[in-house]
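Residue numbers (the working numbering): 353 to 581.
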């Protein structure tokens, strides 16, 4: 199928360039081939209406879930709840670095959505076998990955500015990241940009202080689509 050959093209691009941008129409074609039902795309774009207050950021709504990619058994399974923490050591420099956060869990409106399930299959396929620099205190011999899913909504009001990346330049202490843009309302033309920085850049600085020569990529989210990096 042409859709599955597109999937191989995305994986090849990710392996060669360490990042891949997938336009919404292409991504939806891939997800349909991976089992997504057409009606679930519209439902996926509405799940952020059921989010809870974020534990540390007043301008954000959130839910969180953990999944295991078990490549030996070709299964993706939901894991039990755990508190969440990111440290400065993991390249997360913010006022709440090292603070244990308790997010509300994602609901069945996301977990059972076939478009979301296809996204998880997509990510598992793309990252399988892709080598990365080993991080400390991880067992690199186990053929499994823990995937942490965040369903987030950032809100700006006349009294409050919402920042999707308040921590500035960062890597979140993970091996692979996939960002899926579900939608927006009342957003300016220069909003919702993702920048990919060289690892030599200083962590924790604001995007407008980053050195232009170390910006490896710039992508603007405007429509329902996905980005991997």
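Idealized CB from N, CA, C, for every residue including glycine.
- What does DSSP give as the partner residues of residue 571 in its beta bridges? 546
- Query: So which of 484, 434, 439 has the shortest CA-CA distance to residue 368?
  - Reply: 484
- Query: Given that a residue counts as buried once 16 or more other Cβ atoms are within 10 Å of its Cβ, and exposed if not, what is residue 379?
  - Reply: With 16 or more neighbouring CB atoms inside 10 Å of its own CB, residue 379 falls in the buried class.
- Message: My assumption, with CB atoms under 8 Å, is that residue 416 sits in contact with residue 436. Please give the rounded CB distance.
- Response: 6 Å
- residue 467 versus 421, 424, 398, 443, residue with shortest Cα-Cα distance: 398
- Cβ atoms of residue 573 and residue 547: under 8 Å apart, would you say? no
- From which residue to which residue does the alpha helix (DSSP H) around residue 361 run? 354-369
- Between the Cα of residue 461 and those of 391, 448, 556, spot the shortest distance and give me the residue it belongs to. 391
- Message: For a test of the three-state rule: what should DSSP assign to residue 470, helix, strand or coil?
- Response: helix
- Task: Note down, in chain order, each residue of its chain lying with its Cβ closer than 8 Å to the Cβ of residue 515, except the 5 sequence neighbours on either side.
- Result: 411, 506
- Task: Leaving out five residues on either side along the sequence, give the residues of the same chain with a beta carbon under 7 Å from the beta carbon of residue 396.
- Result: A distance below 7 Å between beta-carbons, with the five flanking residues on each side excluded, links residue 396 to the following residues of its chain, in chain order: 465, 467, 468, 534.
- Where residue 432 and residue 458 are concerned, what is the direct C-alpha to C-alpha distance, given to the nearest angstrom? 12 Å
- Item | Exposed unless 16 or more other CB atoms sit within 10 angstroms - verdict on residue 520 | buried
- Simplified DSSP assignment, three categories, for residue 498: In the displayed model, residue 498 falls within a strand according to three-state DSSP.
- Message: Just verifying my parser: in three-state terms, what is the DSSP assignment at residue 379?
- Response: DSSP places residue 379 within a helical segment (H, G or I) once states are collapsed to three.
- Task: Please report how far the alpha carbon of residue 549 lies from the alpha carbon of residue 566, in whole angstroms.
- Result: Computed Cα separation, rounded: 6 Å.
- Would DSSP call residue 582 helix, strand or coil? Since the first residue of the chain shown is 353 and the last is 581, residue 582 is not available in this structure.
- Query: Per DSSP, what kind of secondary structure is residue 393 in: helix, strand or coil?
  - Reply: helix
- Query: Counting along the chain, where does the alpha helix (DSSP H) carrying residue 461 start and finish?
  - Reply: 460-463
- Could you check the C-alpha separation between residue 406 and residue 413 for me, to the nearest Å? Rounded to whole angstroms, residue 406 to residue 413 spans 5 Å at the Cα level.
- Cα-Cα separation, residue 393 to residue 463: 13 Å
- Query: Using the beta-carbon count (16 or more within 10 Å), is residue 372 buried or exposed?
  - Reply: buried
- Could you say which of 443, 409, 428 lies nearest to residue 329 if we only look at CA atoms? Past the edges of the chain, shown from 353 to 581, lies residue 329, and the structure says nothing about it.
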